[in-house]
Amino acid sequence: MKKLLILPAVLAFAILAFFYFQPKSFRPFYDDAYFMKDEVAGHVHRPDVTREFVWPEHEAGVIRMVTNNLGFRSDEDTRVRKADGVVRVLVTGDSHTDGLVENHETFCALLEKGLNDAGETAAFEVINGGTGIYGPYNYRGMLSGSLHLNPDLFLVVFYSGNDFLDGLRTSSLRRTIRIPRRPRSYYSKIKEANRLHHGSVWQAFNQDYFFANYPEWKEEAVSTAVEQMLSAKAICDSSGISFAVATLPRYYDFPNLPVPAEETAAARVLGLTRDEIASTRLLTQSFEKRLRGEGVRVIDLSAGMDSGEGLYWQEDHHLNVAGHEAVAAILYDELREVILTAGAALRR
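Numbering (our numbering), first residue to last: 1253 to 1600.
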């Protein structure tokens, strides 16, 4: 319990560090009105909150992010007690899963709709437990804090663009590892790159920059992420919950996508080469291989996202509406049998 109580302070510090480099235009998604501390997960959404901000790329020109009675991204309340005959899927992930889109446009909402429209006997509920600034430790903590919801399947959507570094950062703050102290010039370059294009930095280049300077920490980063996923799997196994991990690629994992001049300039400030930017894909492949070796169901979302064209906002490279639709379709195909099996078990 002592370790669990330390986690909120650790995550609060990490959030403040994250905010320090964020431009004001990016902060509506991450402000204190949207998050609150949590003793197990580190931080969660505040319940019954509505956030609305201008987003020119969205068809409506604005995005409304609404949380329900339990702080999940849904326009409907979530009942703590699962209704009879309902298969409940609990999903977690970072801000991509949380969704920089309307509630009904998130891949969780679309997956739920697809399952229920298929005409099966069981009803299906997909809970969106994705939360901005989450990483591997949060995913495991979110599961631990949600066992009372009695999910049938727990799905982690692991974002390859910053989750490896997030795991190291939390381990360092918890003093289980000691990351080298970075010089002031290191942070000055991040700040300058962030000024040029914040989306590229926080969705990819910040992590790339760290591993370019400290490549010896790559293996530790993968191991940390694997350990947290296996810890979540152990919780699921002991609770009769199916478990799966989906890896979500970055915008830069699709080599044919255009890289605007300001993003190229941000990479240049950080001294990143093409190979260093591409190396995250190798980390993800190692992560996937090790999890599969431990019997974890792993879904590589990049395999079904074709060229990636039109799936990310240009402003900051979060998944856009079409991106959420693509992810929902992949998850439906990959997890349908697992979810239907859970539904069949309910009828027995």
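Backbone N, C-alpha and C fix where the C-beta goes; we use that ideal spot for every residue, glycine too. From a predicted model like this one, the values you see are computed outputs, not experimental measurements.
Buried or exposed by the 16-neighbour rule on C-beta atoms within 10 Å, applied to residue i
{"i": "A1361", "result": "buried"}
{"i": "D1327", "result": "exposed"}
{"i": "G1545", "result": "exposed"}
{"i": "D1558", "result": "exposed"}
{"i": "T1302", "result": "exposed"}
{"i": "T1383", "result": "buried"}
{"i": "V1292", "result": "buried"}
{"i": "Q1566", "result": "exposed"}
{"i": "T1532", "result": "buried"}
{"i": "A1519", "result": "buried"}
Close Cβ partners of residue i (< 8 Å) along its chain, the five nearest in sequence each way excluded
{"i": "I1258", "result": "With a pLDDT of only 43 at I1258, under the threshold of 50, the placement of this residue in the model should not be trusted; the figure read from the coordinates follows. Hits under 8 Å: R1426."}
{"i": "Y1584", "result": "L1363, G1366 and L1367"}
{"i": "R1298", "result": "A1285, Y1286, F1287, M1288, T1319 and G1323"}
{"i": "W1469", "result": "L1420, I1431, F1462 and F1463"}
Cβ shell of residue i (< 6 Å), same chain only, five flanking positions each side left out
{"i": "Y1411", "result": "D1346, H1348 and L1500"}
{"i": "G1556", "result": "I1582"}
{"i": "V1590", "result": "S1494"}
Beta carbon of residue i nearer than 8 Å to that of residue j
{"i": "E1514", "j": "A1464", "result": "no"}
{"i": "V1318", "j": "L1405", "result": "no"}
{"i": "R1668", "j": "G1562", "result": "No statement about residue 1668 is possible, as the shown extent of the chain runs from 1253 to 1600 and does not include it."}
{"i": "I1493", "j": "P1388", "result": "no"}
{"i": "L1407", "j": "A1498", "result": "yes"}
{"i": "K1344", "j": "G1313", "result": "Rather than Lys, the amino acid found at residue 1344 in this sequence is Thr. Contact: no."}
{"i": "T1359", "j": "V1579", "result": "According to the sequence provided, residue 1359 is Phe. The question's Thr does not apply to it. In this structure, V1579 lies closer than 8 Å to F1359 by Cβ."}
Extent of the continuous beta strand (DSSP E) run through residue i
{"i": "R1316", "result": "V1314 to V1318"}
{"i": "D1290", "result": "F1287 to D1290"}
{"i": "N1380", "result": "A1375 to N1380"}
Residue of the options minimising C-alpha distance to residue i
{"i": "H1356", "options": "N1320, K1334 and G1371", "result": "N1320"}
{"i": "I1385", "options": "T1476, I1429, P1435 and Y1286", "result": "Y1286"}
{"i": "H1576", "options": "E1354, E1304, F1324 and T1330", "result": "E1354"}
{"i": "S1475", "options": "E1540, V1306 and G1294", "result": "E1540"}
{"i": "D1418", "options": "R1433, D1552, S1531 and Y1391", "result": "Y1391"}
{"i": "G1547", "options": "Y1438, V1478, P1510 and L1420", "result": "V1478"}
{"i": "A1517", "options": "E1589, K1443 and T1536", "result": "K1443"}
Cutoff 7 Å; reference residue i; Cβ partners in own chain excluding five residues on either side
{"i": "L1592", "result": "E1372"}
{"i": "S1424", "result": "R1430 and I1431"}
Min CB distance residue i to chain D below 8 Å
{"i": "V1341", "result": "Of the protein chains in this structure there is only one, and it is not chain D."}
First through last residue of the alpha helix (DSSP H) which encompasses residue i
{"i": "R1544", "result": "R1526 to G1545"}
{"i": "H1295", "result": "Run containing H1295: none in the alpha helix (DSSP H); it sits in the beta strand (DSSP E), G1294 to H1297."}
{"i": "V1478", "result": "K1470 to S1491"}
{"i": "S1347", "result": "S1347 to D1350"}
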